[in-house]
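Top line first, the protein sequences correspond to chains H and L.
If you read the first sequence in my numbering, its first letter stands for residue 54, the second for the next number, and so on.
If you read the second sequence in my numbering, its first letter stands for residue 2, the second for the next number, and so on.
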Amino acid sequence: MSTDNKKIIFTGPVGAGKTTAIRSISDIDIVTTDEQASDMAKAKKPATTVAMDYGMIRLGENERVHLYGTPGQERFNFMWDILTQGGIGLVLLIDNSRKDPQQDLKFYTQAFSEFIAAQQLVVGVTRMDTHRTPNVNDYRNWLDQLRIKAPVFEVDARQRDDVSLLIQAMLMSLAPGAEIL
Amino acid sequence: MIDKSNQNITLRVCLEDVGTHNKAVLDFFFAKLGQHTFSRVDTQEEANVLIIDYDYPPARHRYEEEYQQWNKPTIVLSISPVELEGVVWLSKPLTSRALLDAAGDVQSELVAGSSDKPESRKAPADAAEAQALHQRAKAEETAQREALLQRPEIKPAAAAVPNIPLVPALTESVDQSVEDKKPAEQSEQSEQSEQSEQSEQSEQSEQSTAAAAPPIAQVVLTDEELEARWQQLCGTQQDIDPKADLSEIQAEDGFFLSSLKDAVRLARQCQQGVLLNFPDTRIYVLPEIHRVFCAIPTHSPEFIDFIKSCSAADGGKMHILSTKEIHELNDMIAQQTSALYDLESFVWTSSLLSAEGKLSRALDPSKPVDLRHWPSLTRLERFPHVMPVAALWSADSLSAFDVARSLNIPQRYVFSFYNAASALGLIEQDSDKLIKKQSTSRTTEAPRGLFSRLLKRLIGG
Ligand SMILES: Nc1nc2c(ncn2[C@@H]2O[C@H](COP(=O)(O)OP(=O)(O)O)[C@@H](O)[C@H]2O)c(=O)[nH]1
Ligand SMILES: [Mg+2]
Numbered sequence: 054m055s056t057d058n059k060k061i062i063f064t065g066p067v068g069a070g071k072t073t074a075i076r077s078i079s080d081i082d083i084v085t086t087d088e089q090a091s092d093m094a095k096a097k098k099p100a101t102t103v104a105m106d107y108g109m110i111r112l113g114e115n116e117r118v119h120l121y122g123t124p125g126q127e128r129f130n131f132m133w134d135i136l137t138q139g140g141i142g143l144v145l146l147i148d149n150s151r152k153d154p155q156q157d158l159k160f161y162t163q164a165f166s167e168f169i170a171a172q173q174l175v176v177g178v179t180r181m182d183t184h185r186t187p188n189v190n191d192y193r194n195w196l197d198q199l200r201i202k203a204p205v206f207e208v209d210a211r212q213r214d215d216v217s218l219l220i221q222a223m224l225m226s227l228a229p230g231a232e233i234l
Numbered sequence: 002m003i004d005k006s007n008q009n010i011t012l013r014v015c016l017e018d019v020g021t022h023n024k025a026v027l028d029f030f031f032a033k034l035g036q037h038t039f040s041r042v043d044t045q046e047e048a049n050v051l052i053i054d055y056d057y058p059p060a061r062h063r064y065e066e067e068y069q070q071w072n073k074p075t076i077v078l079s080i081s082p083v084e085l086e087g088v089v090w091l092s093k094p095l096t097s098r099a100l101l102d103a104a105g106d107v108q109s110e111l112v113a114g115s116s117d118k119p120e121s122r123k124a125p126a127d128a129a130e131a132q133a134l135h136q137r138a139k140a141e142e143t144a145q146r147e148a149l150l151q152r153p154e155i156k157p158a159a160a161a162v163p164n165i166p167l168v169p170a171l172t173e174s175v176d177q178s179v180e181d182k183k184p185a186e187q188s189e190q191s192e193q194s195e196q197s198e199q200s201e202q203s204e205q206s207e208q209s210t211a212a213a214a215p216p217i218a219q220v221v222l223t224d225e226e227l228e229a230r231w232q233q234l235c236g237t238q239q240d241i242d243p244k245a246d247l248s249e250i251q252a253e254d255g256f257f258l259s260s261l262k263d264a265v266r267l268a269r270q271c272q273q274g275v276l277l278n279f280p281d282t283r284i285y286v287l288p289e290i291h292r293v294f295c296a297i298p299t300h301s302p303e304f305i306d307f308i309k310s311c312s313a314a315d316g317g318k319m320h321i322l323s324t325k326e327i328h329e330l331n332d333m334i335a336q337q338t339s340a341l342y343d344l345e346s347f348v349w350t351s352s353l354l355s356a357e358g359k360l361s362r363a364l365d366p367s368k369p370v371d372l373r374h375w376p377s378l379t380r381l382e383r384f385p386h387v388m389p390v391a392a393l394w395s396a397d398s399l400s401a402f403d404v405a406r407s408l409n410i411p412q413r414y415v416f417s418f419y420n421a422a423s424a425l426g427l428i429e430q431d432s433d434k435l436i437k438k439q440s441t442s443r444t445t446e447a448p449r450g451l452f453s454r455l456l457k458r459l460i461g462g
């Protein structure tokens, strides 16, 4: 059985909640390729993802959806192309508490622009519980400026329901109007 | 005595050691009254003043084990008195007055201790910056006081009504609505949000995630309750033939909803809190923190009654919050955090409850329109088919009738979505204005079988 088209990619800046989000919906304990964080990333939080996270959702006996979290640092972006091959869609998590979330949005949508145009992007804004601004509407306007159409949800990566709804929105956007339920 | 001019040092604070309830209170305080005194930083290391929630065991522990040695001035929040050196104790519930006083005390302390504390080396620069901010704050405050705006009139009836004077009757109405609650609702209420510090404490020590859970009410309903709620939100109206008389499925926008929409518009325009006045309650629209304060729970029958009974005859005037009202509101938030709603979520629910599945007369169910953006469905009350409707409508220009037909779902859910998404400004009536996705064709056909199985898994849990 082939694993093409059964991959969901999670990306976003360090600390945005990629590892946590994958853990929230994965059926297996997530696998993280451990590596020492650079000092810059360390300053932000103690344990950061420098390499890749992997999780999985099992569907029936032998069908699987693979969940990949991108390394959070720019120097790894040579991997992103490989990572997105055969992906269903992209979950971009933006940490609302960072200095310039608009810049983060721009950076990641540009880095994945080909994939986004071909498949589907969904944006989850995390840490809105602690940082109320910018708000979801600001993100919608920024996406307009980037000429990207994608659902933007406030999410808490620790809440399974939030992560699940983001992915549901991704799937329904890929097949709008289909009687897939 | 400390020279007043030295007290304007910006207090850099981090809220990682404060529980949900008080965080919501401080959020609003920092956005308004404290905006020129406090600035938020991400870690306690960067802070020059520590704020510690002493009733939250992990925070207290961290303070005693670690932070205390840093010798930074500390504001301790606690139900019972705390007497420690270098600590200003603030009793809960927090009041804006006490917060401002504590800020003053700590500023004095920072000035007095500037010779021996390393972090206060930055103080002179901070002081100059704060001085400038302070002056601007003064100017803004004066401007604000003068800006008691009258609500833009939308209906002739409203014009005849004199502006209701600002009396601080709001504490009474708040208390009233709390007292009126039946026991069943009370327990539900305390589940959604910690009403007493006691429950906050136990919840937080149970699970660290609880400490940062959103203060927005998240009610868990049984299947029957859910059905009943959907009826409240979307009504029971049967489908009609698109060619038939539309009067059956259409209704005027309720007075409450149109007032609310005006208040939100005004608040957004001027980025100031706006108070919407009704005899039963006051609604505060707070764009700085993207929230609405409403003392009547949106899940309660009282809220539905309130929405329905609102009329131009007895309210709907609005104005920008005065400083006095901001103080009052700060204290009300401290008493009732559960009354804080996400702004869009409040508008969404209000729109649904007032329309009950009937389409606003301003909207044409036969005209193709577009959904510019998805509503943030994680934080809004969801009803059947809301997600497929959003997905389809954001992909194509369609009429409400078409959406219902393509998805083969009852029209009332589509009308409900149309009303509520319009209230949030997410519908584009003019498709020329739309931002089209720069689409390259998808590399592969959507594997619908897989999607369907994955969706079932995600929805099923
Ligand atoms: N308060 C809050 N914390 C969050 C939220 N989402 C994730 N976190 C926390 O943020 C931290 C970093 O998350 P992590 O998954 O490691 O981020 P990553 O670097 O993108 O993999 C973890 O401690 C999460 O529990 C959120 O919405 N609110
Ligand atoms: Mg990670």
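All residues carry an ideal CB built from backbone N, CA and C; glycine is no exception.
Remember, it's a predicted structure, so these values are computed and weren't measured experimentally.
In the DSSP assignment, what are the bridge partners of residue i?
i         : result
Gly108(H) : Leu120(H)
His320(L) : Leu276(L)
Leu78(L)  : Asp54(L), Leu91(L)
Asp148(H) : Thr179(H)
Val14(L)  : Arg41(L)
Lys60(H)  : His119(H)
Ile284(L) : Leu277(L), Cys295(L)
Tyr342(L) : Val293(L)
Ile327(L) : In DSSP, Ile327(L) forms no bridge with anything.
Gln173(H) : Gly142(H)
Leu360(L) : Gln251(L)
Glu429(L) : Asp371(L)
For residue i, which residues from the same chain have a beta carbon less than 6 angstroms from its beta carbon, with the 5 sequence-adjacent residues on both sides left out?
i         : result
Glu345(L) : Leu425
Leu399(L) : Pro369
Phe39(L)  : Leu12, Val14, Phe31
Glu66(L)  : none
Assuming residue i and residue j make a contact with CB atoms under 8 angstroms, what is their CB distance in whole Å?
i         : j         : result
Leu78(L)  : Tyr55(L)  : 6 angstroms
Asp332(L) : Ser97(L)  : 6 angstroms
Ile110(H) : Asp80(H)  : 6 angstroms
Val176(H) : Pro204(H) : 7 angstroms
Ile305(L) : Gln238(L) : Not really, about 17 angstroms apart at Cβ, beyond 8 angstroms.
Pro376(L) : Ala422(L) : 6 angstroms
Pro82(L)  : Val107(L) : No, Pro82(L) and Val107(L) are not in contact; Cβ-Cβ is about 18 angstroms, not under 8 angstroms.
Ser217(H) : Leu459(L) : 5 angstroms
Val265(L) : Val348(L) : 6 angstroms
Arg180(H) : Asp157(H) : 12 angstroms between Cβ atoms; not a contact.
Ile76(L)  : Val89(L)  : 5 angstroms
Leu247(L) : Pro366(L) : 7 angstroms
Beta-carbon within less than 7 angstroms of residue i's beta-carbon, same chain only, minus the 5 sequence neighbours each way: which residues are those?
i         : result
Ile290(L) : Asp28, Phe29, Ala32
Ser395(L) : Leu372, Trp375
Please report the distance separating the alpha-carbon of residue i from that of residue j.
i         : j         : result
Arg61(L)  : Tyr68(L)  : 10 angstroms
Asp215(H) : Pro411(L) : 26 angstroms
Ile62(H)  : His374(L) : 22 angstroms
Phe384(L) : Leu146(H) : 25 angstroms
Gly230(H) : Val404(L) : 9 angstroms
Val465(L) : Pro288(L) : What the structure shows of chain L is the stretch from 2 to 462, and residue 465(L) is not part of that stretch, so it cannot be assessed.
Lys95(H)  : Met225(H) : Low confidence applies to Lys95(H): its pLDDT is 45, below 50, so where it sits in the model is not reliable, and the reading given next is rough at best. The straight-line gap from Cα to Cα measures roughly 37 angstroms.
Arg230(L) : Leu199(H) : 38 angstroms
Asp182(H) : Ala170(H) : 31 angstroms
Ala39(H)  : Gly65(H)  : Nothing can be reported for residue 39(H), as the shown portion of chain H is limited to 54 through 234.
Leu100(L) : Ile52(L)  : 11 angstroms
Glu429(L) : Arg213(H) : 32 angstroms
Leu456(L) : Asn115(H) : 17 angstroms
Tyr414(L) : Leu353(L) : 10 angstroms
Leu364(L) : Lys24(L)  : 40 angstroms
Ala356(L) : Phe418(L) : 11 angstroms
Ile201(H) : Pro280(L) : 45 angstroms
Ile297(L) : Lys159(H) : 40 angstroms
Arg449(L) : Ile141(H) : 11 angstroms
Lys318(L) : Leu276(L) : 8 angstroms
Go through its chain and collect everything with a Cβ distance to residue i's Cβ below 8 angstroms, but skip five positions before and after it.
i         : result
Arg211(H) : Gly70, Thr73, Ser77
Ala214(L) : Here Ala214(L) scores only 38 on pLDDT, less than 50, and its place in the model should not be relied on; the value that follows carries that caveat. So the qualifying residues of the chain are Thr21.
Thr223(L) : none
Phe307(L) : Phe257, Phe279, Asp281, Thr282, Ile297
Open item on the list: Quick check for students: name the residue ranges of the alpha helix (DSSP H) that lie wholly in the stretch 367 to 409 of chain L, counting only runs of 4 or more.
Closed with: 387 to 396, 401 to 408
Open item on the list: Report the start-end ranges of each alpha helix (DSSP H) in the stretch 221 to 257 of chain L that is 4 residues or longer and not cut off at the edges.
Closed with: Residue ranges of uninterrupted alpha helix (DSSP H) with 4 or more members, entirely inside the stretch 221 to 257 of chain L and ordered along the chain, are 224 to 235.
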